[in-house]
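In this note's numbering, the protein residues as written are 796 to 892.
Cβ atoms here follow ideal geometry from the backbone N, Cα and C, with glycine treated the same way.
As the structure is a computational prediction, the values presented were derived from the model and not from experiment.
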């Protein structure tokens with residue numbers, strides 16, 4: 796069964812995004828999170844969709860969403876959402892171990 800999980804760092808990212816929208820535009824936030832859920836379902840259906848970021852970390856993939864990148868990795872027949880960050884950020888520094 797295909798599914799997705801959201802790890803702790805991605806959960807923190809989503810909480811920060813929610814806080815931003817709550818203060819600035821709750822309606823846009825609701826729209827963003829509906830779109831986020833649709834994108835995650837799309838990723839579960841098409842596991843390797845999106846762009847490869849394998850140069851940053853092996854197996855890392857990303858899919859854009861309204862100025863953010865949903866970073867994920869495929870694990871068997873499911874995906875793990877690793878981060879949800881602004882497309883303007885320095886990606887490699889966010890994935891240093």
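CB-CB length for residue i against residue j, believed under 8 Å
i: residue 805; j: residue 860; result: With 8 Å as the limit, residue 805 and residue 860 do not qualify as a contact, their Cβ atoms being about 13 Å apart.
i: residue 844; j: residue 837; result: 7 Å
Close beta carbons around residue i, own chain, < 8 Å, minus the five adjacent residues each side
i: residue 831; result: 809, 860, 865, 879
Neighbourhood of residue i by C-beta distance below 7 Å, restricted to the same chain and skipping five residues each side
i: residue 820; result: none
i: residue 862; result: 881, 882
i: residue 813; result: 824
i: residue 807; result: none
Where the beta strand (DSSP E) through residue i begins and ends
i: residue 841; result: First-last for residue 841: undefined, no H or E at that position.
i: residue 878; result: 873 to 881
i: residue 858; result: 856 to 860
i: residue 799; result: 799 to 801
i: residue 884; result: Looking at the DSSP string, residue 884 is not in any beta strand (DSSP E), and its letter there is neither H nor E.
Chain-order list of residues whose beta-carbon lies under 6 Å from that of residue i (same chain, five-residue window excluded)
i: residue 800; result: 875
i: residue 854; result: 868
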